[in-house]
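A quick write-up on the structure given underneath.
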Amino acid sequence: MASGQRGAFTREERKAALWALLIAGVIAFTALMLQQWTQPSLGPWGADQASVAMPDVLDAQPVASAL
Numbered sequence: 046m047a048s049g050q051r052g053a054f055t056r057e058e059r060k061a062a063l064w065a066l067l068i069a070g071v072i073a074f075t076a077l078m079l080q081q082w083t084q085p086s087l088g089p090w091g092a093d094q095a096s097v098a099m100p101d102v103l104d105a106q107p108v109a110s111a112l
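Just so you know, we're using our numbering here: the sequence shown kicks off at 46 and counts up by one.
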């Protein structure tokens, strides 16, 4: 470290860290906005699959009444 240096990091290192934080913030903000604009994935239980009736599975009943 040079005797005239003020901090632990050089100006270029601080600039690179600032750019990294800025880019990370933009990525996080973009991901949040994209998540707000899209519907959640329902996987195999999507809207078309949910309309198919599965007997004794979707119409679950207590075990005591099934005996």
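All residues carry an ideal CB built from backbone N, CA and C; glycine is no exception.
DSSP on Thr75, reduced to helix/strand/coil?
Sequence index remark: in the sequence shown, residue 75 carries index 30 (1-based). Here Thr75 sits in helix by DSSP.
Does the Cβ-Cβ distance between Phe129 and Ala62 come in under 9 Å?
Because the chain in this structure spans residues 46 to 112, residue 129 falls outside the shown range and cannot be described.
Considering only their Cβ atoms, is the gap separating Arg59 from Gly52 smaller than 9 Å?
The count along the sequence shown starts at 1 and reaches residue 52 at position 7. The count along the sequence shown starts at 1 and reaches residue 59 at position 14. Cβ distance < 9 Å, so Gly52 and Arg59 count as in contact.
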